[in-house]
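Here the numbering used here is used: the first residue of the sequence shown is 1163, the next is one more, and so on. Cβ atoms here follow ideal geometry from the backbone N, Cα and C, with glycine treated the same way. Values in this document were obtained by computation on a predicted structure and should not be read as measured data.
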Amino acid sequence: MFQAFLIKYGEIGIKGKNRYLFEDALVNQIKHALKHVEGQFRVTKEQGRIYVEALEEYDFQEVTEALQRVFGIVGICPVVILEDQGFEKLAEDVLSYVKEQYPGKNPTFKVHARRARKDYPMESMEINRELGARILEAFPDMKVDVHEPELLLCVEIRQKIYLYSEVLPGPGGMPVGTNGKSMLLLSGGIDSPVAGYMVAKRGVKIDAVYFHAPPYTSERAKQKVIDLAKKVSRYTGPIYLYVVNFTDIQLYIYEKCPHDELTIIMRRYMMRIAEQIARNTGSLGLITGESIGQVASQTVPSLAATNEVCTMPVFRPLIAFDKEDIVTISKKIDTFETSIQPFEDCCTIFVAKHPVTKPNVNVIRRSEQRLEEKIDQMVDTAIREAELVIVG
Ligand code: ATP
Ligand code: MG
C-alpha cells in the first residue's frame, strides 16, 4: 500500500553549505542500505526532503529495518502516492486511508496540507479545512485537536499527492561520511564492534585492522572478526579490514621483554601499526573498545602507556561504560552472538599471569629498547604484508 517513504532527518548543525553534504551522504548511505534489499528503489532529494520510492514490489519490514540502520535518519514515514484526479477523488482516498489505517480507533486528528506546487487550485488552509470537514462527517466519533493530535494527517501536493501519517523511528546520529574516516582496532571481542558502531553513528567512516597470530590464533578466529565486520558494516557501509600478521612481533617481544610487560608492549605495537596503516589510508583517528578498569591493560596508567605511542586522536567511546551496557548495545546491533563464539583472538601463551597494572612509561620504553631496530623492520613487513579484506 505504501509506494514511498519520506525520510526525516535532524536539522541541527546542517545549515548553509553543510546541508547538501549531509543530504548527499544520507542519500548515499540509504542507497547502500537498500542494495541488500529485494526490489528496485529510487532515492531522491528535492526541496529539502529525501524520498525513497519503490519501483517494484518489496517487503515492508525488510525495507524499514534497512532504513532504521542508516545513521542520520530520525524518522521514516510510509507514504501513499495518489494521482491528482481532482479534490473530490482526493477526499475519497483520504477517507479510505483513514478507514484502513485506523479502523475503529477514532483518534483525535489534524490535517496538515502543504503545496509543493502552487498551481493547485486550493490553498493549504482550504485543503485542511475541507478535508477535516469530510473526515468529521465520515467518522462522527473523531475529533479535531490542532495542538496534540493523535493522528497528524499530512497531505503533500506535488506532481502527485503524497499522503502520510505514521513516523517510524530512525537511529539518529549523522550520515556516515560526514565526519571523516577513522581506523577501528577490531578484535573478536564484545567491545570493539560496539565502539566502531558508536563512532560511525557520529558520521565517521570506518576502516578496521585486526591483528592475528597464526598458528596461535586460528583461521576461525579470523573468520569471526570478518563476520563481526560484516555485522558492523550493515550500519557503516563497506569496511576495509586490514588483517595484520602479528605472530613474529609477538614472539620477538616475548623473547626480549619482561613477561609482565608483554601485554602493554604488544598493545603499544598494535597502536603504532594501526596508526601507520591509518595514515597510509586516509584515516585521521583510531578507535578502540577500551573501557577504564575492564582488564589490567585498561587501567588509567595502562591506557596512558598505550596512548603514549599515538599521535592521532584515539577515540574510546566505551571508556566509561560498564560491561553490561556494552553487552546491551552489542545485542541491539546483533554482534553479541558472534562475539561470544569461543575462538580466541589473542593467544594465551602471550598473556602473563600477573600483568603490570601500573606500568611506568619509562620502564616500558627501556624494555622496548631491547627490541632494537629489528622491530622496525618487522613492523614495516607486517604493514606491507597486511591482507586487505573488503567487507559489506
Ligand atoms: P574486545 O572485547 O573489543 O576484544 P577486550 O575487553 O578484550 O576488548 P583488550 O583485549 O584489552 O580488551 O583490547 C582492547 C582493545 O584493543 C579492543 O577493544 C580492540 O579495540 C583492540 N584490540 C585488542 N585485540 C585486538 C586484535 N587482536 N586486533 C585488533 N584490535 C585489538
Ligand atoms: Mg579482546
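CA-CA distance, residue i and residue j?
i	j	result
Gln1531	Val1394	38 Å
Glu1506	Asn1180	44 Å
His1309	Ala1253	23 Å
Thr1450	Met1428	15 Å
Ala1188	Tyr1220	Note that residue 1188 corresponds to Leu in the displayed sequence, not to Ala. Their backbone Cα atoms lie some 21 Å apart in a straight line.
Ile1439	Tyr1182	31 Å
Val1256	Lys1392	43 Å
Leu1229	Thr1473	36 Å
Tyr1171	Ala1514	49 Å
Val1541	Thr1497	30 Å
Tyr1324	Phe1164	10 Å
Gln1223	Tyr1397	17 Å
Gly1237	Leu1168	8 Å
Cys1239	Met1360	25 Å
Asn1407	Ala1383	13 Å
Pro1355	Arg1231	15 Å
Pro1376	Leu1533	21 Å
Ile1130	Ile1401	Here the chain covers residues 1163 to 1554 and nothing more, so residue 1130 does not appear.
Val1489	Phe1184	31 Å
Lys1272	Tyr1326	12 Å
Ile1235	Ser1286	27 Å
Val1457	Met1336	32 Å
Ser1464	Gly1332	38 Å
Gly1350	Ser1380	12 Å
Return yes when at least one heavy atom of the ligand ATP lies under 8 Å from the C-beta of residue i, else no.
i	result
Arg1429	yes
Pro1355	yes
Phe1512	no
Glu1381	no
Gly1350	yes
Gly1451	yes
Gln1191	no
His1374	yes
Met1432	yes
Val1371	yes
Leu1346	yes
Ser1395	no
Phe1408	yes
Val1471	no
Ser1327	no
Gln1456	yes
Who are the near neighbours of residue i in its chain, counting only those whose CB is closer than 7 Å to its CB and skipping five residues on each side?
i	result
Phe1483	Ser1453
Asn1190	Gly1339
Val1551	Ile1388, Leu1403, Val1405
Cys1419	Ile1427, Ser1529, Arg1532
Tyr1259	Val1242, Leu1325
Let me know if residue i comes out buried or exposed under the rule of 16 or more other beta-carbons within 10 Å of its beta-carbon.
i	result
Glu1638	The question about residue 1638 has no answer, for the chain in this structure spans 1163 to 1554.
Asp1353	buried
Lys1363	buried
Arg1430	buried
Glu1245	exposed
Asp1487	exposed
Val1462	exposed
Lys1520	exposed
Excluding five sequence neighbours on each side, which residues of the same chain lie with their C-beta closer than 6 Å to the C-beta of residue i?
i	result
Thr1270	Lys1305, Asp1307, Pro1311, Glu1312
Val1205	Val1189, Ile1192, Lys1193, Val1214
Lys1367	Val1338, Gly1339, Lys1343
Ala1370	Leu1346, Leu1348, Ala1391, Ile1401, Leu1403
Leu1330	Thr1226, Ile1238
Ile1477	In the sequence on display, residue 1477 carries Phe and not Ile. Val1361, Gly1447, Ile1449.
Phe1373	Val1406, Phe1408, Met1432
Between which residues of its own chain and residue i is the CB-CB distance below 8 Å, once the five residues before and five after are set aside?
i	result
Asp1389	Thr1500
Arg1441	Met1474
Val1199	Tyr1220, Asp1221, Glu1224, Val1225, Ala1228
Ile1526	Glu1423, Ile1426, Ile1427, Arg1430, Ala1467
His1421	Ala1514
Are the C-beta of residue i and some C-beta of chain C separated by less than 9 Å?
i	result
Val1199	Of the chains in the structure shown, none is chain C; there is only one protein chain.
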